[in-house]
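Chemist: Following the working numbering, the numbering of the sequence shown begins with 858 at its first residue and continues without gaps.
Each residue gets a CB set at the ideal place from its N, CA and C atoms; glycine is no exception.
Just so it is clear, the structure is predicted and the values come from calculations on it, not from any experiment.
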Amino acid sequence: MTEHTITIRRPDDWHLHFRDGEIMEQVVPYTARQFGRAIVMPNLSPPVTETASGAAYRDRILTAVPAGVEFTPLMTCYLTDGTDPADLARGAAEGVFTAAKLYPANATTNSAHGVSDVAKIYPVLEAMEASDIVLCVHGEVTESHIDVFDREAEFIERHMRSIVRDFPNLRVVFEHITTSDAVDFVMGEGDQVAATITPQHLHINRNAMLVGGMQPHNYCLPVAKREAHRLALRKAATSGSPKFFLGTDSAPHLRSAKESACGCAGIFNAPFALESYLAVFEEEGALEHFEAFASLNGPRFYKLPVSDETMTLRRVPVTVPDSIPMAGEEIVPFHAGETLNWRIAE
Ligand code: DOR
Ligand code: ZN
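#1: Determine the DSSP secondary structure at V1163, reduced to helix, strand or coil.
#2: Do the region 987-1001 and the region 954-974 meet, that is, are 3 or more Cβ pairs less than 8 angstroms apart?
#3: Are the CB atoms of H1033 and T1055 within a distance shorter than 9 angstroms?
#4: Taking 8 angstroms as the cut-off, is the beta-carbon of I1003 closer than that to any non-hydrogen atom of the ligand DOR?
#5: Within this structure, are the beta carbons of S1096 and A1143 separated by less than 9 angstroms?
#6: Within its chain, find whatever has a CB closer than 6 angstroms to the CB of A1114; leave out the 5 residues flanking it on each side and keep chain order.
#7: Confirm, please, whether the CB-CB distance from F1125 to I1181 is below 9 angstroms.
#8: Find the nearest neighbour of E1140 within the set D870, P1073 and L1059, judged by alpha-carbon distance.
#9: Can you find the residues in the same chain that come closer than 7 angstroms, C-beta to C-beta, to R1015, ignoring five residues on each side of it along the sequence?
#10: Taking Cβ to Cβ, would you say V1137 is nearer than 9 angstroms to A1094?
#11: Flag M1168 as yes when its Cβ comes closer than 8 angstroms to any non-hydrogen atom of the ligand ZN, and as no otherwise.
#12: Report the option in A1130, D869 and L1153 whose CA atom is closest to the CA atom of V1175.
#13: Are at least three pairs of beta-carbons, each pair with one atom in the region 1181-1199 and one in the region 902-918, less than 8 angstroms apart?
#14: Report yes or no: do the region 872-886 and the region 914-927 share at least 3 C-beta pairs separated by less than 8 angstroms?
#15: Would you give the residue range spanned by the beta strand (DSSP E) that A962 belongs to?
#16: Give every residue of the same chain whose Cβ lies closer than 6 angstroms to the Cβ of T864, excluding the five residues on either side of it in the sequence, and list them in chain order.
#17: Does the distance from the CB of T1053 to the CB of H872 come in under 9 angstroms?
#18: Looking at C-alpha atoms only, which residue of N1064, T1035, I1061 and V1021 is the closest neighbour of D819?
#19: In three-state DSSP terms, what is M1066?
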């Protein structure tokens, strides 16, 4: 018999973008409605590179959480060539920073201030290892001669292996993995290495971006890869392995910024994130592993308590709107116009 409801511990989103200002105020409630906590990316303009700006950003986010909703933003520090290890350690000790984010310079949106050479932040990684601060990695090389579809696999060989070898006690999250190479890498390493997987990389391959005309709303970074990679990600996410957990990479960009001659990378999936993931677990016949992926593996890796609240989803169809009003304009969400089979019980 088909199950009609599923109840899990309240989940968390271990990777997303809230932006700032009016967009932040409008997107936070979508996440807070579903998730108890979220790891908030620091790629604002200017980026969140210090404890003081991390604390101020956290406080702005908290003002956008609807009354009566429990939600904790977990802040990350944007690493640069000039990051002060002492400030980062202090930020972690004070509870401002839960993790630090490595963006290779110019890999993606607002990453111009990112790290130009991983060797330059070795003293920071040493301090992070000593203070047990999680490292979140955008794992793509940026050299212009490397094919955009090969940039993640290349990053593993050039950087991930050496980071993990040189800092064996540093906890590393390989963010938004998109390839079977990344799945194999994470599976082959110890408990200190894990990965987040987005809904879009479980649902779409690169055809969704390029067939039948350019589809800018399916463009994100790292870009979706070929079908074999999507299948490997689905297998990993739904396997029950504690190394993989939920991280939406929800990344709001207004329609005008997406449908442009130089369209921004990022998919806004926050409004129906859980419904989107649950569709994958149902299709894979793996509903019994949904709670671990959404609610248990992430806290365990981050050494945080699992939620003592629960959440129920019902097998009732829900149609995702074609667009969502945002900051006087609109945003096209992931799954726009599609019907998903599950919805959160109110
Ligand atoms: O698609 C993406 N959008 N990938 C990233 O790494 C950054 C994000 C954004 O900030 O828009
Ligand atoms: Zn991201």
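Modeler: Quick answer:
#1: Reduced to three states, the DSSP call for V1163 is coil.
#2: The region 987-1001 and the region 954-974 touch, with no fewer than 3 CB-CB distances between them shorter than 8 angstroms.
#3: Inclusion of T1055 and H1033 in the CB contact set at 9 angstroms is warranted, their separation being smaller than that value.
#4: Between the ligand DOR and I1003, a heavy atom-to-CB distance of less than 8 angstroms is absent.
#5: Their beta carbons are under 9 angstroms apart, which means S1096 touches A1143 by this criterion.
#6: Cβ within range, chain order: C1121.
#7: By the CB criterion at 9 angstroms, I1181 and F1125 fall inside the cutoff.
#8: Closest by alpha carbon: L1059.
#9: Here the set comprises V998.
#10: By the CB criterion at 9 angstroms, V1137 and A1094 fall inside the cutoff.
#11: No; taking the cut-off as 8 angstroms, the Cβ of M1168 has no heavy atom of the ligand ZN nearer than that.
#12: Answer by Cα proximity: A1130.
#13: Not touching, per the Cβ criterion.
#14: Cβ pair count under 8 angstroms is three or more, so yes.
#15: Per DSSP, A962 belongs to no beta strand (DSSP E) and is neither H nor E.
#16: Shown here for T864: same chain residues with a beta carbon closer than 6 angstroms to its own, the five before and five after excluded, namely T1167 and T1169 in chain order.
#17: Yes; because the gap between Cβ atoms is below 9 angstroms, this pair is in contact.
#18: This structure cannot speak to residue 819, because the chain is shown only from 858 to 1203.
#19: It is helical.
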